[in-house]
Each structure stands twice: as C-alpha cells, then as structure tokens.
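Enquirer:
Protein chains: 2
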Amino acid sequence: MAMGPRDVAVLAELRLRDATRPELAAATGFSKPTISEAIVSLEAAGLVVNRGRTAGAVGRNPRVYAINARASLVAGVDIGGTNTRVAVADLHGQILAERHERTTGSRVQQQVRRLIRQVHKEATAVLGGDGCALASIVVSTPGVIDRGSTQARFAYNVRTDGIIDLTALRDRLDPPLRVENNVNLAAVGEARAGVAEGVGTFVHLAIGAGIGLGIMHGGRLLRGAHGAAGEIAYLPLGRRPLAKEHRASGNFEAETAAAGLLDRAQSARWDADPPQDVAELFHRAEQGDRAARRLVADEGRRIGLAVVAVCSVVDPELVVLGGGIGRNQLLLESVSQTCAELLPAPSPVVTSTLADRGSLIGAVLSAVDDAWSLLQSNPKEASS
Amino acid sequence: MAMGPRDVAVLAELRLRDATRPELAAATGFSKPTISEAIVSLEAAGLVVNRGRTAGAVGRNPRVYAINARASLVAGVDIGGTNTRVAVADLHGQILAERHERTTGSRVQQQVRRLIRQVHKEATAVLGGDGCALASIVVSTPGVIDRGSTQARFAYNVRTDGIIDLTALRDRLDPPLRVENNVNLAAVGEARAGVAEGVGTFVHLAIGAGIGLGIMHGGRLLRGAHGAAGEIAYLPLGRRPLAKEHRASGNFEAETAAAGLLDRAQSARWDADPPQDVAELFHRAEQGDRAARRLVADEGRRIGLAVVAVCSVVDPELVVLGGGIGRNQLLLESVSQTCAELLPAPSPVVTSTLADRGSLIGAVLSAVDDAWSLLQSNPKEASS
DNA sequence: TCCTTTTATTCGGTTACCTTACTAACGTAT
DNA sequence: ATACGTTAGTAAGGTAACCGAATAAAAGGA
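Residue numbers (our numbering), protein chains in the order written: chain A, 37 to 420; chain B, 37 to 420.
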C-alpha cells in the first residue's frame with residue numbers, strides 16, 4: 037500500500053518544479069528505467085500528469101511531467117479571537133476558495149464544520165465541477181496543543197475557560213484533522229509563502245491581542261517538550277518582572293500586547309482625545325503625532341528586548357514581526373536599534389507581509405504536507 | 037563500501053544492548069536469515085563479537101552477540117579557560133585513560149596534540165597492547181563555532197583575541213576532528229551520562245566564569261543559524277538591561293557569572309573578611325553565614341530569571357544547572373521558586389552531577405557517535 | 001536524404017530481502 | 001537413557017526493486 041522510495045523521491049522533486057524524465061533521473065539519482073516505472077505508477081495513481089513536450093532543443097524532445105495538484109483538496113482553518121477563516125486549496129497550496137466570519141464563542145465546532153462544507157463547495161465550483169474530497173485539514177488556534185491532541189490549553193483565557201476542544205469536530209469530519217498553534221502556523225506561512233521563504237532558521241514574533249513566538253529551526257517547527265515553546269508571555273523583561281498583577285497571564289504580554297499598549301496610550305498626554313484603539317495609535321504615529329510616535333518607539337524598545345532575548349537563545353537567521361501590532365513598519369526602527377545595541381551580531385528584523393492571513397496560509401500549507409504524506413502511505417484516490 | 041540498512045539496524049540495536057539473533061530479528065523487523073547474514077558480515081568486519089550462549093531455557097540455546105567496543109578508539113578534548121582535558125574511550129564511550137593540564141594560552145594546539153598522543157598510549161596500555169588507532173576526535177571549546185569549522189569565535193574575550201583556531205591541529209591529526217561548543221557538549225554529556233538521561237528536550241545552563249546554554253530538542257542539539265544558539269550572555273534581564281558598561285561582553289553575563297557575583301560579594305558587608313573567590317562564598321553560605329546566604333539567594337533569583345526566559349522560549353522538560361557556580365545545590369531553591377512564581381507550568385530544575393567533566397564526557401560521547409557513522413560508511417578497519 | 005543527438009523502452013542481471021522447510025542443539029518427561 | 005517438544009540457525013528458492021547496456025523512437029540540422 038505504501039509507495040516506495042523511488043516514487044516518493046520523484047514526487048518530492050516534482051513538488052519543487054516540473055521536470056522531464058532525464059531531469060528526474062539526474063535529480064533523484066535513480067536510473068532512467070526506474071524513473072519511467074515511477075512515472076507509470078504515479079500517472080496511474082493520478083498524482084502526476086503529462087504537461088506536453090519541450091521543443092526547440094536538438095534531439096528528441098522530452099515530455100514534461102508535473103504534480104497533479106487537483107488530485108485532492110485540503111482545508112486550512114484559522115480560529116482567531118475575533119475571526120474564523122477557512123480556505124480550501126489544491127495540492128500546490130493554491131487557495132481556491134476562502135471565507136471568514138466572526139468567531140462564535142461557544143459553537144465554534146459547528147461553525148467550522150459549516151464553513152468547511154461551504155468553502156469546499158465553492159472550491160469544487162472553481163474547479164468546474166470535477167472537484168474531489170478533502171484529504172486533510174489543519175486547524176490553527178491559540179493556546180498550547182499537546183502532540184496529536186485536538187485540545188488547546190490556555191494558562192489564562194477569559195473567553196474559553198482555558199480550553200478549546202475540537203475533538204467533536206475531528207470525529208465528525210472524514211479527513212484527518214490536526215490542530216496546531218496559530219503562531220507556529222504563521223511561522224510556517226512565512227517560511228513557505230512569506231518573507232522567510234528559503235530561510236531555514238528564523239523566528240516569527242506575533243504581537244497583537246496576545247503575544248507569541250513561532251520558532252523554525254533547520255526547516256522544522258520547534259514545539260518544545262509540551263508544545264509550549266514560544267509561549268513568551270512570561271518573559272521576565274522590563275522594569276518589574278516580578279510584579280504580581282498579571283502573573284497569571286504573563287507580565288510581558290500584559291505590558292506589551294494590545295491591552296497594555298492601549299493602557300499606556302490612554303494615560304499619556306494628548307493634544308486631542310486619546311486614541312480609542314491600537315490601530316488609531318499607529319495611524320496617528322504615521323501622521324507624525326509626537327505623543328503617538330513616542331509611544332510607538334517605546335513599544336518598539338519593549339519588543340526589541342524580547343527579540344534580543346529570543347535571539348540570544350535560538351540564534352535565528354531572521355526575525356519576522358507579525359500580528360496586529362507587530363506588523364507596523366514604524367516599530368522596525370526601534371526594534372532593530374535595540375538589537376543592534378545589545379547583540380554582538382544582530383539578526384535582521386523584517387515585517388510580515390501576510391497580514392492577518394499568516395496562520396491561515398500556514399494551516400493550508402501544513403495541510404498540503406499532511407495530504408502528501410497520506411497519499412504516500414496509501415495512494416488510492418484520484419478524481420479529476 | 038557503505039553498509040546497508042540491515043547492518044545499520046543491527047548495529048543500532050546492539051549499541052543499546054547485547055542480543056541474540058532472534059531478538060535482533062524481532063527488534064529490527066528483519067527475518068532470521070537476514071539477521072544471520074548481517075551478523076556474518078559484521079563479525080567479519082570486526083564490529084560485532086560473539087559473547088557465548090545463554091543457558092537454562094528450554095530449546096536450543098542462542099548465541100549472544102555484542103558490539104566490539106574495542107574495534108576502534110575515540111578521543112574527547114575539552115579546552116577550558118583554565119584546564120585542558122583529554123580522554124580516550126572505546127566505542128561504548130567507556131573512558132580508558134584521561135589526563136588534564138593547565139591550558140597553555142598560545143600553544144594550545146601543540147599541547148593538545150601531545151596530550152592526545154600520551155592518553156592514546158595509556159589507553160592502548162590499558163587494553164593490554166592490542167590497542168588501535170583513533171577513529172574520531174571531538175574538541176570542546178568555548179565560543180561560537182560555525183558548522184564544520186575548526187574556529188571558535190568570541191564576541192569578546194581577553195585571552196585569545198577573540199578567536200581559537202584549531203585548523204592546524206586538525207590538519208596534523210589523522211582521524212577526523214570536529215569542534216563543538218563546550219556548553220553544547222556538556223548538554224550532550226547530561227543527556228547521555230548525566231541527570232538528563234532519557235530526556236529528549238532539556239536545557240543545560242552553565243554558569244561559571246562565563247554563562248552559556250546548551251539546548252537539546254527531541255534528542256538533537258539546537259545550534260541556531262550561526263552556531264550561536266544559547267549564547268545568553270546578552271539576555272536583557274535585570275534592572276539595567278541597556279547599561280553600557282558591559283555591553284560588549286553581555287550585561288547578563290557580567291552581572292551573573294563569576295566576576296559579577298564576586299564583585300557583589302566583595303562590596304557586601306561581612307562580619308569577617310569578604311570571600312576571595314566564588315567557591316569560598318558558597319562554602320560560607322553552606323556554613324550558614326547570613327550575608328553569604330543572601331548573596332546566593334540573590335544569585336539564584338538572577339539565574340531564575342534566565343531560566344524563566346529560556347523556558348518560555350524553548351519549553352524544556354527539564355532544566356539542568358551546571359558550571360562552577362550553577363552546580364551548587366544551594367541555588368536550587370531560589371531558582372525553582374522564581375520559576376514557580378513566574379511560569380504557569382514550571383519545568384523541574386536539577387543540578388548537574390558531572391562536575392567539571394561534563395564537556396569532556398560530552399565530547400567523548402559525540403566522538404563515539406562520529407566514529408560509528410564513519411564505520412557505517414566505510415567499515416574496513418578492525419584490530420583486536 | 002541521412003546523420004547526430006537526445007529521449008524512452010526493453011532486456012538480462014544483481015542485490016537484498018522474503019518464506020518455507022529443513023537440520024542442530026538443548027531441556028525435560030517417560 | 002531415550003524420545004519428544006522447543007527453540008536456534010541454515011539452506012534453498014522466490015520476488016521486488018533496482019541497475020546497465022542495447023535498442024527503438026523522435027526531433028533538428030547537414
């Protein structure tokens with residue numbers, strides 16, 4: 037049932053680029069006859085298609101083969117604090133249909149199930165009716181997720197009583213479903229379709245309503261012993277690391293994430309009214325407002341300290357700032373400067389370009405990986 | 037030349053425990069005839085020896101096979117700030133001979149070469165003359181080592197002008213030589229022969245003359261993008277993370293490592309004379325001296341903050357404290373308490389038991405691994 | 001037109017496994 | 001003691017996945 041190493045190697049190569057048989061032979065190290073056999077079996081399984089021949093060169097023109105990206109579909113789901121997003125993509129990770137709605141606190145599982153059905157239908161329509169079943173689903177949520185679990189635990193969370201449980205969702209859906217931390221998935225997104233493309237070792241620091249860190253090391257996610265790696269809400273930074281007020285939820289997060297920043301903004305002196313939310317604060321800073329700029333620079337220094345701490349521990353090649361707060365370009369300067377001052381060899385710091393879709397994109401791409409490894413262990417499906 | 041997967045699997049199993057052919061068949065999943073073939077070829081290569089038969093059970097008594105640990109020898113070298121240690125071990129990592137000398141600042145390479153020769157000769161004598169060549173050498177040094185390099189760089193170091201270069205040493209020695217950071221190797225030591233045996237994901241925090249962190253994640257060393265993971269001298273902790281005085285060498289290290297602790301000790305109030313060195317400080321604290329205990333508790337809180345920072349980033353299963361300062365039991369309480377106060381799920385904190393030989397032992401065990409992977413790619417040597 | 005170049009397939013052979021069936025060695029019950 | 005059951009090891013034959021070499025097919029250019 038499981039396909040052999042030669043088929044796996046050929047598929048891996050074709051996922052990188054379309055290729056001819058001689059190219060595949062050179063790339064995989066297998067002989068030409070072996071590659072031909074692999075092509076035959078993969079074509080029969082519907083995983084590989086012929087894209088015609090090249091032309092122009094001397095000698096017989098080779099046929100070009102490519103992944104059949106429509107062999108199955110996958111879904112990515114991002115359950116956020118405010119929005120829940122669902123996307124359905126083909127095996128290249130190309131998103132065919134996508135929707136979002138406000139998250140319903142208690143009925144998340146039904147909501148997600150309905151959204152998946154709807155988006156799947158839309159994707160099928162996009163493909164012109166010859167759609168096919170979902171091969172895998174990856175769900176992004178905040179919280180700490182034990183390996184293989186469908187439960188996300190929070191040390192402290194008002195909305196959900198400390199837990200999000202997607203067990204019922206998994207049991208009611210046909211394709212295998214995996215739950216992964218949202219910040220980790222955002223890092224995957226950056227690694228495969230964002231500013232960290234081609235960078236094996238980097239961190240993605242997300243600052244928004246909360247604060248979290250996704251760590252990619254040598255192309256692999258770093259999850260830690262209990263899936264809690266990157267839960268840096270508790271970093272003992274700042275003037276009062278031992279303060280008792282926000283210990284439960286983490287002093288650093290309380291100071292640095294949206295609530296803390298807004299607090300400081302509202303108790304600062306303003307020419308006009310204080311800003312109502314963080315977006316307005318950054319908007320004013322962009323307009324040149326002195327008070328706003330000072331607050332942003334201060335926030336940048338705060339974040340900079342976290343970046344310094346993280347860099348000294350994991351030595352990334354790149355630091356990506358994301359999340360509602362972190363993705364503001366205005367922060368870059370003071371963050372970079374803090375690093376430059378405190379680190380002997382500071383890593384470059386850049387801003388995420390995936391906006392608020394990082395986790396969703398990471399979920400989709402992870403689902404693609406899951407689908408491929410499933411297909412490789414039992415290649416029996418084919419539809420288009 | 038390279039040995040096949042069946043031989044590799046059999047060797048891997050035998051490295052864990054001696055075993056009979058049926059046991060090997062069950063453990064590796066290969067059939068009995070295949071195991072027999074593997075045994076024949078491995079015995080011929082001198083890598084496996086017959087240890088006789090079991091007796092007592094009903095049925096024919098199986099032969100027991102074991103790794104031939106004497107098939108080659110390996111060397112571990114630890115170049116420390118004050119002492120340079122060399123050990124030669126067999127393929128089980130069993131140390132057969134060991135020496136240490138004070139490190140000679142400039143002539144390290146010659147010194148190490150001489151020590152290796154001497155210790156190798158001693159080890160050969162221990163084996164009763166039928167010794168054999170060294171198959172691999174791993175050298176432990178402080179500093180940041182680029183992948184595959186023989187140079188260790190320091191952001192800041194008085195003794196060595198910022199670099200230790202072992203290229204000449206490697207070129208003059210026959211067996212392959214690998215250079216690795218001393219704290220990383222100490223973590224390897226803890227993982228394989230220390231308090232972290234069987235723990236896949238843990239950190240080893242070494243505090244002595246300097247301060248460093250070795251990170252083990254899922255059984256693998258975490259080196260970071262430039263080999264600088266765990267260089268936590270620059271952690272922006274404490275009251276004045278931005279202080280300029282010790283930026284070059286790292287404020288956290290300056291405060292927390294030996295020099296900083298001694299500074300504080302000497303400017304504290306004492307009934308008698310202030311302690312001359314860190315060892316004396318801890319000795320007095322053990323005797324119950326109030327001032328000493330206060331300083332130790334304060335140091336523990338300082339270290340505790342670093343542990344909290346590290347735990348929130350990498351989520352280890354265990355924290356091991358080592359190094360001349362870190363291994364003092366007296367610190368444990370205040371470190372653990374700081375973690376308990378600031379982390380929602382604090383990892384247990386324990387003290388290293390390898391004393392100042394952690395890096396050496398890690399170097400030896402890494403050299404054993406290197407030797408095995410070399411033997412697996414070209415198994416031609418055999419001696420005893 | 002034929003020749004050169006490159007692609008694709010066919011064919012025979014090797015390797016590394018497997019299963020089955022046997023022989024060898026041991027403890028124990030008769 | 002001898003026969004018997006159990007377990008270890010070996011011999012023989014089969015199969016799948018690969019290889020290299022030879023050959024057939026398809027293209028451009030002399």
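Glycine included, each C-beta is placed from N, C-alpha and C at the ideal position.
Source: prediction; values computed, not measured.
Within the same chain, show all residues whose beta-carbon is closer than 7 Å to that of B/Leu60, passing over the 5 residues directly before and after it, in chain order.
Expert: What you label residue 60 of chain B is simply residue 24 of the second sequence in a count that begins at 1. For B/Leu60, where only same-chain residues beyond five positions count, the Cβ hits under 7 Å are Val46, Glu49, Ile71.
Enquirer: Under 7 Å Cβ-Cβ, which residues of chain A neighbour B/Gly118?
Expert: Residue mapping note: residue 118 of chain B aligns to position 82 of the second sequence, counting from 1. One point to set straight first is that residue 118 of chain B is Thr, not Gly, in the sequence displayed. By Cβ distance, chain A contributes nothing, its closest Cβ being about 24 Å from B/Thr118, past 7 Å.
Enquirer: Give the interface partners of A/Gly167 over in chain B, defined as CB-CB distance under 8 Å, in chain order.
Expert: Numbered from its first residue, the first sequence carries residue 167 of chain A at position 131. Per Cβ cutoff of 8 Å: no residues; A/Gly167 is ~38 Å from chain B at best.
Enquirer: Taking 8 Å as the limit between beta carbons, can you name the residues of its chain near A/Asn119, skipping five residues before and five after?
Expert: Looking up residue 119 of chain A in the first sequence gives position 83. Answer for A/Asn119: His136, Glu137, Arg138, Thr139, Asp392, listed in chain order.
Enquirer: Does any CB atom of chain A fall closer than 8 Å to the CB of B/Val355?
Expert: Indexing the second sequence from 1 puts residue 355 of chain B at position 319. No, no contact with chain A.
Enquirer: DSSP beta-bridge partners for A/Glu137?
Expert: Against the first sequence, residue 137 of chain A aligns to sequence position 101. Beta-bridge pairing links A/Glu137 to A/Thr120.
Enquirer: Flag this pair as yes or no: are the beta carbons of A/Leu249 and A/Val215 separated by less than 8 Å?
Expert: Within the first sequence, residue 249 of chain A is the residue found at index 213, counting from 1. Within the first sequence, residue 215 of chain A is the residue found at index 179, counting from 1. No.
Enquirer: Is A/Ala232 helix, strand or coil when you go by DSSP?
Expert: Here residue 232 of chain A refers to the residue found at position 196 when the first sequence is read from its first residue. Three-state result, A/Ala232: coil.
Enquirer: Going by DSSP in three states, B/Gln187 sits in which element: helix, strand or coil?
Expert: For this step, residue 187 of chain B is matched to residue 151 along the second sequence. Correct three-state label for B/Gln187: strand.
Enquirer: Please give the ranges of any alpha helix (DSSP H) in the stretch 355-419 of chain B, keeping only runs that are unbroken, at least 4 residues long and fully inside the region.
Expert: Complete alpha helix (DSSP H) runs here, min 4: 359-362, 365-378, 394-413.
Enquirer: Chain A partners of B/His253, CB-CB under 7 Å?
Expert: Locating residue 253 of chain B in the second sequence gives position 217, counting from the first residue. Per Cβ cutoff of 7 Å: Leu258.
Enquirer: Mapping the DSSP letters down to three states, classify A/Asn287 as helix, strand or coil.
Expert: For this step, residue 287 of chain A is matched to residue 251 along the first sequence. Three-state result, A/Asn287: helix.
Enquirer: Let's test the definition: count the other Cβ atoms within 10 Å of the Cβ of B/Pro58 and tell me whether it reaches 16, buried, or not, exposed.
Expert: What you label residue 58 of chain B is simply residue 22 of the second sequence in a count that begins at 1. Exposed.
Enquirer: Is the beta carbon of A/Asp351 less than 8 Å from the beta carbon of B/Ala265?
Expert: Looking up residue 351 of chain A in the first sequence gives position 315. Looking up residue 265 of chain B in the second sequence gives position 229. Cβ distance < 8 Å, so A/Asp351 and B/Ala265 count as in contact.
Enquirer: Helix, strand or coil: which one does DSSP assign to A/Thr160?
Expert: By one-based count along the first sequence, residue 160 of chain A stands at place 124. DSSP places A/Thr160 in helix when its eight states are reduced to three.
Enquirer: Skipping 5 residues on each side, what residues in its chain have a beta carbon closer than 7 Å to that of A/Leu366?
Expert: Taking the first sequence and counting its residues from 1, one reaches residue 366 of chain A at position 330. So the qualifying residues of the chain are Phe318, Ala321, Glu322, Val332.
Enquirer: According to DSSP, which residues form a beta bridge with A/Ile115?
Expert: Stepping through the first sequence from its first residue, residue 115 of chain A is reached at position 79. According to DSSP, which records beta bridges pairwise, A/Ile115 is partnered with A/Thr120.
Enquirer: Would you verify that the beta carbon of B/Glu267 is, or is not, closer than 8 Å to some beta carbon of chain A?
Expert: As a working mapping, residue 267 of chain B is identified with position 231 in the second sequence. Cβ-Cβ to chain A under 8 Å: yes for B/Glu267.
Enquirer: Spell out a yes or no on whether the stretch 162-181 of chain B and the stretch 91-108 of chain B are touching, meaning 3 or more CB-CB pairs, one atom from each, closer than 8 Å.
Expert: These segments touch.
Enquirer: Out of A/Arg275, A/Ala328, A/His282, which has the shortest C-alpha to C-alpha gap to A/Arg300?
Expert: Position 264 of the first sequence holds residue 300 of chain A. If we check each option's Cα against that of A/Arg300, A/Ala328 comes out closest.
Enquirer: Just the Cα atoms here: how many angstroms apart are A/Leu411 and A/Gly95?
Expert: Walking along the first sequence from the start, residue 411 of chain A turns up at place 375. Walking along the first sequence from the start, residue 95 of chain A turns up at place 59. About 36 Å.
Enquirer: Name the residue from A/Ala204, A/Arg183, A/Val155, A/Ile173 whose alpha carbon lies nearest to the alpha carbon of A/Gln146.
Expert: The count along the first sequence starts at 1 and reaches residue 146 of chain A at position 110. For A/Gln146, the nearest C-alpha among the options comes from A/Ala204.
Enquirer: From the DSSP output, in three-state form, read off A/His262 for me.
Expert: By one-based count along the first sequence, residue 262 of chain A stands at place 226. The answer is coil: DSSP assigns A/His262 none of H, G, I, E or B.
Enquirer: What is the DSSP secondary structure of A/Phe318, reduced to helix, strand or coil?
Expert: Stepping through the first sequence from its first residue, residue 318 of chain A is reached at position 282. If DSSP states are grouped into helix, strand and coil, A/Phe318 belongs with the helices.
Enquirer: Beta carbons nearer than 9 Å to chain A: which residues of the stretch 331-358 of chain B have them?
Expert: Taking 9 Å as the Cβ-Cβ cut-off against chain A, the residues of the stretch 331-358 of chain B that qualify are Arg337, Gly340, Leu341, Ala342, Val344, Ala345, Val346, Cys347, Ser348, Val349, Val350, Asp351, Pro352, Glu353, Leu354.
Enquirer: Between A/Arg183 and chain B, is the shortest Cβ-Cβ distance under 8 Å, so that the two count as touching?
Expert: Locating residue 183 of chain A in the first sequence gives position 147, where the first residue counts as 1. No, A/Arg183 does not count as interfacial toward chain B.
Enquirer: What do you get for A/Asp114, buried or exposed, if any count of 16 or more other CB atoms within 10 angstroms of its CB means buried?
Expert: In the first sequence, residue 114 of chain A corresponds to position 78, counting from 1. With 16 or more other Cβ atoms within 10 Å, it is buried.
Enquirer: If you measure from the beta carbon of B/Gly250 to each beta carbon in chain A, is any gap under 8 Å?
Expert: On the second sequence, position 214 is the one that residue 250 of chain B refers to. Output row for B/Gly250: interface = no.
Enquirer: Pull up the DSSP beta-bridge partners for B/Ser176, would you.
Expert: Taking the first residue of the second sequence as 1, we reach residue 176 of chain B at position 140. Looking at the DSSP assignment, B/Ser176 forms a beta bridge with B/Asp114, B/Glu216.
Enquirer: Quick one: using the 10 Å Cβ neighbour count with 16 as the cut-off for buried, is A/Gly438 buried or exposed?
Expert: The structure shown does not extend to residue 438 of chain A, since chain A is modelled only from 37 to 420, so the question has no answer here.
Enquirer: Given that B/Arg283 touches chain A, what residues does it touch there, using C-beta distances under 8 Å?
Expert: As a first step, residue 283 of chain B must be located in the second sequence, where it is residue number 247. Here the neighbours are Glu377, Leu378.
Enquirer: State the start and end residues of the unbroken beta strand (DSSP E) segment that holds A/Leu249.
Expert: Here residue 249 of chain A corresponds to residue number 213 of the first sequence, with the count starting at 1. 247-253 is the extent of the beta strand (DSSP E) around A/Leu249.
Enquirer: Can you confirm whether the stretch 287-294 of chain A touches the stretch 289-296 of chain B when touching is taken to mean that 3 or more C-beta pairs between the two stretches lie within less than 8 Å?
Expert: With the cut-off at 8 Å, the stretch 289-296 of chain B and the stretch 287-294 of chain A do not touch.
Enquirer: Taking only beta-carbon atoms, is B/Tyr101 less than 8 Å away from chain A?
Expert: The residue labelled residue 101 of chain B in the question sits at position 65 within the second sequence. No, B/Tyr101 lies away from the interface with chain A (no Cβ there is under 8 Å from its Cβ).
Enquirer: Is the distance from the Cβ of A/Val155 to the Cβ of A/Val180 below 8 Å?
Expert: The residue you call residue 155 of chain A lines up with position 119 of the first sequence. The residue you call residue 180 of chain A lines up with position 144 of the first sequence. Taking 8 Å as the Cβ cut-off, A/Val155 and A/Val180 do not qualify as a contacting pair.
Enquirer: Who are the Cβ neighbours of A/Ser402 in its own chain at under 7 Å, not counting the five residues just before and after it?
Expert: Residue mapping note: residue 402 of chain A aligns to position 366 of the first sequence, counting from 1. Excluding positions up to five away in sequence, the list reads Val174, Glu216, Leu221, Val224.
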